[in-house]
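Top line first, the protein sequences correspond to chains A and B.
For the first sequence, my numbering assigns the number 1 to the initial residue and increments by one for each residue that follows.
For the second sequence, my numbering assigns the number 1001 to the initial residue and increments by one for each residue that follows.
I have placed the structure first, in the form of structure tokens, so that the comments after it can refer back to it.
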Amino acid sequence: MTKKLASPFVVGVLLILSGLFSCLFPFLLEAKVYLDIDSPSVKRIAIVIPDFKNQGGTDNSLGTEAAALLMHDLDFTGYFKIIDPRGFLGRPEESDKIDFNAWSLTGAELLVKGSYQIEGSQWRLQLRLFELPLGRQVLGKEFIVAAKEYKRPIHRFAEEILFLLTGERGFFNTKIAFISTGTGKKEIYTSDFDGNNFQRLTQHNSINLTPRWSPRGNEIAFTSYKDGAPSVYLLQVQGLQANKISGRPGVNITPAWFPDGESLAVAINHQGSSEILQLNRSGVVIRKLTQSWGIDVSPSWSPDGKHLAFVSNRSGSPQIYILNIASGETRRLTYQGNYNVGPVWSPKGNLIAYAGRADGQFHIFTISPGGGDAQRLTTTGNNESPDFSPDGRMIIFSSNRQGKSAIYAMNANGANQRRITFLAGEQFSPAWGPRKNGD
Amino acid sequence: MKTKQTGLGTMVILLFLSSLFLFSCGKKEIKSEEVAVKQPPPVEDEAEKAKQRARLREQQELAEKEMRERALKEQEAQRLREEEARKREEEARRQKDAAAKAQIESEDILFDYDQYLLSKEAKELLSQKAQWFKAYPSAKAVIEGHCDERGSAEYNLALGQKRADAAMQYLVSLGIEVGRISTISYGKEKPLDPGHTEAAWRKNRRAHFVIK
């Protein structure tokens, strides 16, 4: 853990209070029971995060902003109940004397206390997590960063809390990509996981579709009409160079990265022949994965690369099928409804999310790769293009439930649905980027 | 027209000559009275005759020149009239071609929801388009496949290609050279009608022709 924290982005990360793991174990065991994230109704943990205290320097607003950001991050996961710190009725505290009883009376089970000093352009931040009502410290970190980068250690601390409680890392330093029509065209944008800090990546004055992050997060595969006909390109996230890798006659669409990032599955459709090909990074055919006289499209690899989910209309309407790569056998996965598309495999391989038509509108479903009962996760509007967070605990998707299409996020069980993009135009086709090494 | 004119010219000349003849005869009569008195020298008479012949020739030439000029003018007018007619014809043909082209481009092949099979109406319309391709052997076309907004963008891209392909293959089966037609799918990206009604969706599920 300590090593992972020493990322090049954070100027200095110090453990001020070495984690006494033996002390933490009882809490961890207890906490994991609290946060059984696969359960359909997770009990939320109540946490309170008062403003971080300024202990030197002039900028008092930073302590408020940083505490608010930590609350926002934890709230986003859907696993926490955020307690308003104004409910604290104890006396104003000195930094080393915390009235745990009074904090406990707010209803919180966990308390984060933070303090900071501004030293020149640097920001020194100490964050501690306490279990209430006993006041046992379960996590403590000190971060030293450039003041303008204050979000980074906050996201990092949120990761730490999530890891401590669930045994798994989160996604607070990840990015998402999506299509937006803000310019009147369809361009590729990225933002932080929560929709903040958005940025346009392409300026093709054209139709761009289905951005897909490479496993390392340094490239985005997508479909574009920028040279006339729909072709598949790879976009370098640094430098924004776009290289065409497949411009075969007809449509070249729905690129899906093989887990090792060295090849992609791409749907090619032309003159009665529809096939999903596996192409290397230069676009050379490695092998033919599917072929039909109907439509085969929208491939998604299982995390181990042994199976390929895809959409085919070979039974008369679009349904999801699973190809066993080794045996070459294909079986139909979805039987409910007459229009099921856009499968995406969860990072753990235990679920496939997709969009299906029900009651005249499109909704997000999950189903186990073995088949069985599909779970419908959305209830209003048209909901499409699901994609999992890197930890598999959340799903982003597009929805027009509030009029124009925008990007939404929810827990993988459908709880905690919230809109995350508030931009001009409409947003579609979100893709959740991977965690990067060091984050 | 021309012969008639020549005839007219000849008549004019004849009339002229005969009047000239009468006139000179009359003069002669008077002169013969004088001759009886004076006897003019025969040389003078000869010179007079030569002069008259010259005058006659001159007048004849003048008449011919006038005639020629008139004929030329008439020819020029005729040429202009013919050119005008040709231009009108050309314009009419151009308009007819443009109307035929516009009709090819405006009459979309429509499809049922999530379908790319050609209906009877679609086949009839494609047969008309095939006639047009035969009438204009140098014309080339792009067939665009489009879908309504329902369903995933990705699936609709593939579906749009199927629709364009279906229209193209039917034209080829009717004898249109495959090299004259290319296809492109726009999926649900370029709806003809941006509405969200059944009527709008119906219009948007189409194979659209663009003539090059």
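In this text, a Cβ means the ideal position worked out from N, Cα and C, and glycines have one as well.
Every value quoted in this text rests on a predicted model; they were computed, and no experiment measured them.
Whole angstroms is fine: what's the gap from G247 (chain A)'s alpha carbon to F258 (chain A)'s?
20 Å
Under 7 Å, Cβ to Cβ, is there at least one residue of chain B near I322 (chain A)?
no
At a CB-CB cut-off below 8 Å, which residues of chain A make contact with K1087 (chain B)?
Those do not exist, as K1087 (chain B) stays about 38 Å from chain A at its closest Cβ, beyond 8 Å.
Rounded C-alpha distance that separates T378 (chain A) from R124 (chain A):
43 Å
Beta-ladder partner(s) of W345 (chain A), from DSSP
A:I352
Specify whether the region 1101-1119 of chain B and the region 1161-1175 of chain B touch according to this definition: at least 3 beta carbon pairs, one from each stretch, less than 8 Å apart.
yes
Excluding the 5 residues preceding and the 5 following T453 (chain A) in the sequence, name in chain order all residues of the same chain whose CB lies nearer than 6 Å to its CB.
No answer is possible for residue 453 (chain A): it lies beyond the span of chain A, which begins at 1 and ends at 439.
With H, G and I counted as helix, E and B as strand and the rest as coil, what does DSSP make of G1187 (chain B)?
strand
When DSSP labels each residue in this structure, what does N101 (chain A) get in the three-state scheme?
helix
Which of the residues in the region 280-298 of chain A, read from start to end, lie with their CB under 7 Å from any CB of chain B?
I295, V297, S298
Is it true that the region 387-404 of chain A meets the region 140-148 of chain A, where meeting means three or more beta-carbon pairs spaced less than 8 Å apart?
no
Closest Cβ-Cβ distance between G184 (chain A) and chain B: below 7 Å?
no
CB contact flag (G360 (chain A), G337 (chain A), <7 Å):
no
Check each candidate in A:K226, A:A102, A:P153, A:F163 and name the one with the smallest Cα separation from P133 (chain A).
A:A102
Taking only beta-carbon atoms, is I1211 (chain B) less than 7 Å away from chain A?
no
Do you know how far the Cα of T223 (chain A) is from the Cα of S1185 (chain B)?
13 Å
Close beta carbons around K1101 (chain B), own chain, < 6 Å, minus the five adjacent residues each side
I1211
Please check if any C-beta of chain B sits within less than 7 Å of the C-beta of I253 (chain A).
yes
Put S1032 (chain B) into one of helix, strand or coil per three-state DSSP.
For S1032 (chain B), the predicted model reports a pLDDT of 48, less than 50, meaning its position is unreliable; a value from the coordinates is still stated below. If DSSP states are grouped into helix, strand and coil, S1032 (chain B) belongs with the helices.
Express the C-alpha separation of K1188 (chain B) and S180 (chain A) in angstroms, rounding to a whole number.
15 Å
How big is the Cα-Cα spacing for K306 (chain A) and V138 (chain A)?
41 Å
Can a CB atom of chain A be found closer than 7 Å to the CB of Q1115 (chain B)?
no
Given a threshold of 16 other Cβ atoms within 10 Å of its Cβ, counted over all protein chains shown, does E1074 (chain B) qualify as buried or as exposed?
exposed
So does the region 287-307 of chain A actually touch the region 1164-1184 of chain B, counting three or more Cβ pairs closer than 8 Å?
no
C-beta atoms of E1144 (chain B) and H1208 (chain B) nearer than 7 Å
yes
Do P299 (chain A) and I276 (chain A) have their C-beta atoms within less than 7 Å of each other?
yes
Assigned secondary structure, H72 (chain A) (DSSP; H/G/I helix, E/B strand, else coil):
helix
Using a beta-carbon distance cut-off of less than 9 Å, what residues from the region 185-217 of chain A approach chain B?
K186, I207, L209, T210
Can you tell me which of A:D75, A:R200, A:P50, A:D73 puts its alpha carbon nearest to the alpha carbon of G63 (chain A)?
A:P50
Could you name the residues of the same chain whose beta carbon sits closer than 7 Å to that of P249 (chain A), not counting the 5 residues immediately before and after it, in chain order?
H270
Pull up the distance between the alpha-carbon of E160 (chain A) and that of G283 (chain A), whole angstroms please.
40 Å
C-alpha gap between W1201 (chain B) and G1195 (chain B), whole angstroms
8 Å
Would a check of beta-carbon distances place A448 (chain A) closer than 7 Å to chain B?
In the structure as shown, chain A starts at 1 and stops at 439, and residue 448 (chain A) therefore has no counterpart that could be examined.
Looking at M394 (chain A) and N382 (chain A), is the spacing between their C-beta atoms short of 7 Å?
no
For S1182 (chain B) and M1168 (chain B), I'd like the C-alpha separation in whole angstroms.
8 Å
From K244 (chain A) to Q236 (chain A), what does the alpha carbon distance come to, in whole angstroms?
12 Å
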